[in-house]
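Input: a single structure, listed below in structure tokens.
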Amino acid sequence: MTRQHSIGSWWAIVISLFFATVARAHTIIVYPGWRGNNLYSNGTVEETDGLSVKYASNATGDRDYLYPFGMQWLYPCGGMPMSQNRTKWPVKGGAVSFQPGWFPGHKTALIYINLGIGTVPLNMSLPMLSPFQITGPTVEPYPGTFCMPQVPLPPNITVNVGDNATIQVVEIAKHGAALYNCVDITFAEPEDVEQVTRRNCFNSSHLTAQYIYTVDVDKSAAAHPQMISAGLFLIPLLLVGYFGNLF
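Sequence positions in the sequence shown follow mature numbering (1 follows the signal peptide of the UniProt record, and there is no 0) and run -25 to -1, 1 to 222.
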């Protein structure tokens, strides 16, 4: 089976640098691949009457839809249809690697990795990991790759070799807007899957990750400012050590 738009991290950086000059660049799934190039934006918000996408009034071809914010803002897969060339991915779970920094304002972002079952999934409602936050070096676009060497299947989900599915990577900016990217996969035995290497799955030194915790907010919180401050100081230290064990 042909591997779907899979690229080494060095090639992804070259592509991203190119599109950063001609479009509003976003995210790229480096491994296991992506549906296709959706690093594309055109038109203006005025032309679409505030919509994320609109058919141009003088449309004559496939690229005549207007995406003033960029294609990747469109759920579920950044405006890209299902791919005919699927990527093989391990039947027990495997690596996912992506580049998060090709859009301004993503010094911090929340990351979701979801699974949709079937050739054309009805939705992407099966979380593969708990959401986590990434922190980059700047609010401006930046290079860098983030790798998770072993992303498991969602809880209570069993698949077989030959089954089709789609992996969705979601990056949520600090203002709540989300970027979507997908890779269409076919589950396979590990020995039949492209090898994971330090070229296609690695963690850049200037990117860090933190788990997300929830805390009840009530009136009692205001009475313990010192306790809260101490807790907020300790949590990042604990997270660094705990998250480091994953890699």
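Virtual Cβ for every residue (Gly too), placed ideally from N, Cα, C.
Endpoints, beta strand (DSSP E) assigned at residue i
{"i": "A70", "result": "G69 to Q74"}
{"i": "C157", "result": "A153 to A163"}
{"i": "P124", "result": "F121 to V126"}
{"i": "N17", "result": "First-last for N17: undefined, no H or E at that position."}
{"i": "V144", "result": "N139 to I147"}
{"i": "K82", "result": "Counting along the chain, K82 falls outside any beta strand (DSSP E), and DSSP gives it neither H nor E."}
{"i": "F177", "result": "No beta strand (DSSP E) holds F177; DSSP gives it neither H nor E."}
{"i": "I109", "result": "F107 to T110"}
Proximity below 8 Å, CB of residue i to CB of residue j
{"i": "V126", "j": "G68", "result": "yes"}
{"i": "I3", "j": "Q74", "result": "yes"}
{"i": "F121", "j": "L182", "result": "yes"}
{"i": "G18", "j": "Y42", "result": "yes"}
{"i": "L101", "j": "I132", "result": "yes"}
{"i": "A163", "j": "K29", "result": "no"}
{"i": "Y6", "j": "N175", "result": "yes"}
{"i": "Y117", "j": "G91", "result": "no"}
Which listed residue (the options) has its alpha carbon closest to that of residue i
{"i": "A84", "options": "G151, I4, Y6 and N175", "result": "G151"}
{"i": "G8", "options": "V66, F44 and R61", "result": "R61"}
{"i": "Q185", "options": "V5, G111, M99 and E22", "result": "G111"}
{"i": "T172", "options": "A70, L101 and I86", "result": "A70"}
{"i": "T113", "options": "P129, L101, P43 and K82", "result": "K82"}
{"i": "S105", "options": "P118, P96 and L128", "result": "L128"}
{"i": "V95", "options": "T189, N175, A140 and E169", "result": "A140"}
{"i": "Q170", "options": "M55, P65 and N12", "result": "P65"}
{"i": "M123", "options": "D138, V144, P130 and V136", "result": "V144"}
{"i": "S180", "options": "D24, G119, P130 and V192", "result": "G119"}
{"i": "S58", "options": "S27, I86 and N12", "result": "N12"}
{"i": "Q47", "options": "S16, P130 and M103", "result": "S16"}
{"i": "E146", "options": "Y87, R10, L14 and T161", "result": "Y87"}
{"i": "T161", "options": "N178, V134, K149 and I187", "result": "V134"}
{"i": "G25", "options": "P56, G45, G91 and R10", "result": "G45"}
{"i": "E115", "options": "S32, A148, V190 and L90", "result": "A148"}
{"i": "D159", "options": "D191, P165, N89 and F177", "result": "N89"}
{"i": "P130", "options": "M103, S32 and S27", "result": "M103"}
{"i": "S27", "options": "Y188, A153, N33 and V168", "result": "A153"}
{"i": "Y155", "options": "V192, E166, M99 and I109", "result": "M99"}
{"i": "D167", "options": "E22, G137, A31 and R10", "result": "G137"}
Bridge-paired residues (DSSP) for residue i
{"i": "N89", "result": "P102 and Q143"}
{"i": "I3", "result": "Q74"}
{"i": "Q59", "result": "Paired residues: none, contrary to the question."}
{"i": "Q185", "result": "Q108"}
{"i": "P65", "result": "A163"}
{"i": "F41", "result": "Reading off the sequence shown, one finds Leu at residue 41, where the question assumed Phe. K29."}
CB contact check: residue i to chain B, cutoff 8 Å
{"i": "N89", "result": "The question asks about chain B, but that chain is absent: this structure has only one protein chain."}
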